[in-house]
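Contents: one structure, followed by commentary.
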Amino acid sequence: AQSVAQPEDQVNVAEGNPLTVKCTYSVSGNPYLFWYVQYPNRGLQFLLKYITGDNLVKGSYGFEAEFNKSQTSFHLKKPSALVSDSALYFCAVRDYIRSGGYQKVTFGTGTKLQVIP
Amino acid sequence: EAGVTQFPSHSVIEKGQTVTLRCDPISGHDNLYWYRRVMGKEIKFLLHFVKESKQDESGMPNNRFLAERTGGTYSTLKVQPAELEDSGVYFCASSQGLAGVETQYFGPGTRLLVL
Chain B
1 AQSVAQPEDQ VNVAEGNPLT VKCTYSVSGN PYLFWYVQYP NRGLQFLLKY ITGDNLVKGS
61 YGFEAEFNKS QTSFHLKKPS ALVSDSALYF CAVRDYIRSG GYQKVTFGTG TKLQVIP
Chain W
1001 EAGVTQFPSH SVIEKGQTVT LRCDPISGHD NLYWYRRVMG KEIKFLLHFV KESKQDESGM
1061 PNNRFLAERT GGTYSTLKVQ PAELEDSGVY FCASSQGLAG VETQYFGPGT RLLVL
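Here the protein sequences line up with chains B and W, keeping their order. Going by my numbering, the first sequence wraps up at 117, each residue one higher than the last. Going by my numbering, the second sequence wraps up at 1115, each residue one higher than the last.
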């Protein structure tokens, strides 16, 4: 069975500093990984995804994530945080199993990012 | 292009009552998903439609939940009778193409509170 872990409920970072939101996963087959962001009173917005190829994925709003197969991680990063980046971030995984095809998407519990002015 | 819309945005009902949530996907999207997030926990998959057919309903909690997508356009999710543990935020998402690694676009969610 596939699973996703976001070990930090909240991450605080000063504006202008680099930020990292952690995500680790567990799958049986090949992982397809996603990051979504939820601003207050809004739905989830897609940030980026890893399918195959380059381990460093660039997404919206200057975010990027690095797929690390050996560490089964897909941490979200940004070189310089903005106050407007404050939101709830969700990591998600979709497993592909040769015998079963694509599995349903599994989300983590979310990490609240607080960027301090 | 209009995004995924959901109605109502909030619903407060008493235990035992019925509530129907509606989702309008992005026009042309064949895939429609329902998810639920209970307070502070992960977003959990409920079910997946491809057009009007239920592709996967393995996440539906029990038979008090009924989802429909007549005509392959909008979808409804009915909870009858509602229980306290049904409280949470219900998200709808849609996507186009073969379900796999496509990007899912989410609606703003319906916040359901069962008292």
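Backbone N, C-alpha and C fix where the C-beta goes; we use that ideal spot for every residue, glycine too.
Tell me the DSSP secondary structure of D1030(W) in three-state form. D1030(W) falls in the coil class under three-state DSSP.
Range of the contiguous beta strand (DSSP E) that encloses L1112(W): Counted as a single uninterrupted DSSP element, the beta strand (DSSP E) harbouring L1112(W) occupies residues 1110–1114.
Taking the beta carbon of H1010(W) as the centre, do at least 16 other beta carbons fall within 10 Å, making it buried, or is it exposed? Around the C-beta of H1010(W), fewer than 16 other C-beta atoms lie within 10 Å, and the residue is accordingly described as exposed.
Quick check: G108(B) and V4(B), are their CB atoms within less than 7 Å of each other? Contact flag set, yes.
Residue from P40(B), G29(B), N41(B), C91(B) with nearest C-alpha to T20(B): Closest by alpha carbon: C91(B).
Would you verify that the beta carbon of F74(B) is, or is not, closer than 7 Å to some beta carbon of chain W? Judged by the 7 Å Cβ criterion, F74(B) is not in contact with chain W.
Can you say whether E1014(W) is buried or exposed, counting buried as having 16 or more other CB atoms within 10 angstroms of its CB? Flag for E1014(W) reads exposed.
Among the candidates Y36(B), S73(B), G16(B), whose CA atom is the shortest distance from the CA of Y25(B)? For the residues Y36(B), S73(B), G16(B), the minimum Cα distance to Y25(B) belongs to S73(B).
Compute the Euclidean distance between the alpha carbons of D1030(W) and A1002(W), then round it to the nearest angstrom. Approximately 15 Å between the Cα atoms of the pair.
Using 8 Å as the cut-off, can you tell me whether the region 1063–1074 of chain W makes contact with the region 78–98 of chain B, which would need three or more C-beta pairs spanning the two stretches below that distance? These segments do not touch.
Give me the chain B residues within the contact set of I1043(W), using Cβ-Cβ distance strictly less than 7 Å, ordered along the chain. Among the residues of chain B, those whose CB is under 7 Å from the CB of I1043(W) are F90, F107, following chain order.
Could you tell me which of F1106(W), K1041(W), R1111(W) sits nearest to T111(B), measuring between CA atoms? For T111(B), the nearest C-alpha among the options comes from K1041(W).
Using the C-alpha atoms, what's the distance from N1063(W) back to P1081(W)? Between P1081(W) and N1063(W), the alpha-carbon positions lie close to 10 Å from each other.
Cβ closer than 8 Å: which chain W residues qualify as neighbours of F63(B)? Here the premise fails: no neighbours, minimum Cβ distance about 15 Å.
Reference A1098(W), options C1092(W), L1032(W), T1005(W), L1113(W), closest by Cα: First, the residue type needs correcting, since residue 1098(W) is Leu and not Ala in the sequence shown. Here the closest residue by C-alpha is L1032(W).
Taking D54(B) as the reference, give the member of L82(B), N41(B), N68(B), K104(B) with the closest Cα. If we check each option's Cα against that of D54(B), N68(B) comes out closest.
Using a beta-carbon distance cut-off of less than 8 Å, what residues from the region 36–52 of chain B approach chain W? Answer set for the region 36–52 of chain B: Y36, N41, R42, G43, L44, Q45, F46, K49, I51.
By Cβ distance below 7 Å, which residues in the same chain neighbour Y102(B) in space, the five residues on each side in sequence not counted? Result list for Y102(B): R94, Y96, in chain order.
Consult DSSP for S84(B) and reduce its assignment to one of helix, strand or coil. Helix at S84(B).
Specify, as a first and last residue, the run of the beta strand (DSSP E) that R1022(W) falls within. For R1022(W), the uninterrupted beta strand (DSSP E) run begins and ends at 1019–1024, by DSSP.
Less than 7 Å separating the beta-carbons of V11(B) and L113(B)? Contact flag set, yes.
Of all the residues that make up the region 20–31 of chain B, which are near chain W by a beta-carbon distance shorter than 7 Å? Listed in sequence order: no entries.
Let me check understanding here. Comparing Cα to Cα, which of M1039(W), T1005(W), L1021(W), R1111(W) lies closest to F1065(W)? Relative to F1065(W), the option among M1039(W), T1005(W), L1021(W), R1111(W) whose CA is nearest is L1021(W).
At a Cβ threshold of 7 Å, is F1007(W) touching chain B? With 7 Å as the cut-off, F1007(W) does not count as an interface residue toward chain B.
Under 7 Å between the Cβ atoms of I51(B) and Y32(B)? Contact: yes.
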